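Undergrad:
In the working numbering, the protein residues as written are 2 to 82.
1. So, helix, strand or coil for residue 57, using DSSP?
2. Looking at the strands, I want to know which residues DSSP matches up with residue 64.
3. What did DSSP end up calling residue 46 once you bin it into helix, strand or coil?
4. Which residues in the same chain as residue 60 place their Cβ atom closer than 8 Å to its Cβ, once the five residues preceding and following it in sequence are excluded?
5. Could you give the C-beta distance for residue 54 and residue 31, rounded to a whole number, given that I count them as a contact under 8 Å?
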């Protein structure tokens, strides 16, 4: 079975549209070390991730600092990193 993950969520409207379109997982770029327009701070990511229905997987995309990865994972509790 093919599963679809859509990354770069920045607004609740994006989440609703992706869920309606059939996405299985949604990605959130959080405190990424390279400046990208879809980068979120951890508070905004938490707020958006709470809007994701329970049947949709939540994924975070982070940089390669192991301590930050652990910290964000503990704070946001995603299904995958």
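Ideal Cβ positions, reconstructed from N, Cα and C, are used throughout, including at glycine.
Since the structure is predicted, the reported quantities are computational estimates derived from the model, not experimental observations.
TA: Taking the structure as given:
1. The count along the chain shown starts at 1 and reaches residue 57 at position 56. Here residue 57 sits in coil by DSSP.
2. Counting from 1 along the chain shown, the entry for residue 64 is found at position 63. Note: residue 64 sits in no beta bridge, so no partner.
3. As a first step, residue 46 must be located in the chain shown, where it is residue number 45. Residue state, collapsed to three classes: helix.
4. Within the chain shown, the letter at position 59 stands for residue 60. Counting only Cβ-Cβ distances below 8 Å, and skipping sequence neighbours, we find 6, 8, 26, 27, 28, 29, 79, 80, 81, 82.
5. Residue mapping note: residue 54 aligns to position 53 of the chain shown, counting from 1. Residue mapping note: residue 31 aligns to position 30 of the chain shown, counting from 1. No, residue 54 and residue 31 are not in contact; Cβ-Cβ is about 20 Å, not under 8 Å.
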